[in-house]
Amino acid sequence: MPISKIFLLSLCILLFYLGKVSAQSADNPVEIEVDFASEKGPMKPIWAWWGYDEPNYTYMKDGKKLLGEISELSPVPVYVRAHSLLVTDEGPRAALKWGSTNVYTEDEQGKPVYNWTIIDQIFDTYLERGMKPFAQIGFMPKALSRKPEPYRHFWKPGIKYEEIYTGWAYPPKDYEKFAELVFQWVKHSIDRYGKEEVESWYWEVWNEPNIGYWQGTTEEYIKLYDYSVDAVKRALPTAKVGGPEGTGPGWDKAAEFLTTFLDHAKEGTNYATGKKGTPLDFITFHAKGSPKVVDGMVQMNMGAQLNDIEKGFEIVASYPEFKNLPIIIGESDPEGCAACSEADYPHNAYRNGTMYSSYTAASFARKFAIADEYGVNLLGAVTWGFEFENQAWFAGFRDMATNGVNKPVLNVFRMFGMMEGNRVEVSGDLAYDHSSIIESGVRGERTDVNALATKSDNSASIMLWNYHDDNSKIGDTTAVAVKLKGLDKEKMLLEHFTIDQKNSNSYSLWLKIGSPQNPTADQIAQLEEAGQLKLAGSPKWISTEKGEKILKLDIERQGVSLLRLTW
């Protein structure tokens, strides 16, 4: 090949790679356009839902503190879902993946003995903070279990999941007695909290009954559902009840389970009443990602979680009778086990830092987009991550706080709490959408730099993130130019909140001060302050020209920013 041609080819290759490098430089930033005149639908607070395995952490010191902070970040009541609300006491109440209330026992004659003390303490803690129960009917009291022994399990690293499915996971030996327990629970709730309050709750039957959490058949779960719903409705005809709370429908067996359940709700013979079909006020299923360690580095799989969501929405949308029912994704998370620490499960190393934050921002935006595509009524997406009382600092559990100190991920929800009104159109130089993430993840050379934007009568907000499935190159920045269109105000106050290595990040401070497992009171105070959402700089007034404005900023890899405009 002539030298001139070699030179030209080399130059083209060099320019190609320089173009890629400079595509996100300050001179050639990622361009994002936000059109506030083009509305996409309401900014439903689908994020204002939380859940956890260990119900007794609710009223413990750090549990009460975190619930208060979660409530305060939301302009609407937060719904809380917890496992094991009907489990019988055996040993300590509070432990990883365990909880109990001792609500139901029987006397020597086999007659029911109801004790509402602990369940009242749990629900009182919610209501005192302006929250509401997403009340889970489960699991099985020992006196009603078809196989009561062994009943208690003890969670430990490396345990096989099938070892935890003990007596609490079995069907009742008497469905009538179980239904009476449910009836008495709802009736007691009305007596304690009032009919109007209980009408605002959501009641669901069991958890993941298509896997080991239910040691019975699908038909036996459907029977439990029918008896439970009938009991709730007899106590309170206006109560909202739903299910089936199965695992992610991206798995064909879980999709089949959801379809079987919906077919029964539509036209099956009701086990409790003998009538056609069964009441269904909302539909629930789960959605989980699947991280792993690749070459010593955590690699997320958001595509698996979004695929579960898409398949679930597709199934619901295929039923004209149910398409408009509210959907609650009962657990919607980057992976499956909140109580599995980073030390024991290295793929969970994403949880303490900003990778969990950027993943949360990027995934919630796609939940809205998929719901729009299928025309379904997405009401909530439960974050299954609370706190683990009296554990090591930053142990890498999937939680919102450690020893009372907020982790970076909670600040994404503080940002969501400031986004009001309707979602608006976002376009531009965007490398990924939900379809491409489902197909191949966020694993290209470019990161997922994108935005979710809203507008209300007196404010507008743009949440931006810089996410990648690979937890590498932390600290690298991407230049972004955000073009605002369709604004009818000439002057607005701009605030820029950010989550990165220096801001809104208790974990980076903890590392900086030496990762203490016994921090001093002064260090704890510093960590608590670092865990709050921070402004990147002072608020400032900006002016628009013909309703338009370009805002420029740099976003760290795995960082999240919120630009909030008020007038």
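For the sequence shown, position 382 matches number 531 in our numbering, and the numbering has no gaps at all.
Built from N, CA and C at the ideal position, the CB exists for glycine as well.
At a cut-off of 4 residues, the continuous stretches assigned as alpha helix (DSSP H) that sit fully inside the segment 524-592 are 557-565, 583-589. By the C-beta density criterion, T266 is exposed, having fewer than 16 other C-beta atoms within 10 angstroms. Here the segment 185-204 lies against the segment 529-537, with 3 or more beta-carbon pairs under 8 Å apart.
Distance check between F646 and each of E353, S710, K516, P428 places S710 closest, using alpha-carbon atoms only. The segment 399-413 and the segment 367-384 touch, with no fewer than 3 CB-CB distances between them shorter than 8 Å.
In the structure shown, P204 adopts helical secondary structure according to DSSP, grouped into three states. Scanning L429, G696, P495 for the CA closest to the CA of M449 turns up P495. DSSP places G485 outside any beta strand (DSSP E), giving it a letter other than H or E.
Taken atom to atom, the span from the alpha-carbon of E522 to that of E405 is near 22 Å. Restricting attention to E569, R500, L474, the CA atom closest to the CA of D482 is found in R500. Annotation: the continuous alpha helix (DSSP H) that includes G212 extends over 210-222. When C-beta atoms of the segment 391-405 are compared with those of the segment 455-464, three or more pairs fall below 8 Å, so the two segments count as touching. For the 7 Å CB-CB criterion, T503 and P440 do not form a contact.
When only Cα atoms are considered, F288 and Q364 end up about 11 Å apart. Between L215 and A670, the C-beta spacing is not below 7 Å. DSSP, reduced to helix, strand and coil, places D401 within a helical segment of the structure shown. The Cβ atoms of V225 and P194 sit closer than 7 Å to each other.
Annotation for S657: the continuous alpha helix (DSSP H) segment containing it runs 655-661.
As the crow flies, the alpha-carbon of A510 is around 13 Å from that of D582.
Under the 10 Å beta carbon count, D618 is surrounded by 16 or more other beta carbons and is classified as buried. Beta-bridge partners assigned by DSSP to N615: V598. Around the beta carbon of V262, a 10 Å sphere encloses fewer than 16 other beta carbons of the protein chains shown; the residue is thus reported as exposed.
Using a Cβ distance threshold of 7 Å, N526 and P475 count as a contacting pair. With fewer than three CB-CB distances shorter than 8 Å, the segment 241-251 does not count as touching the segment 272-283.
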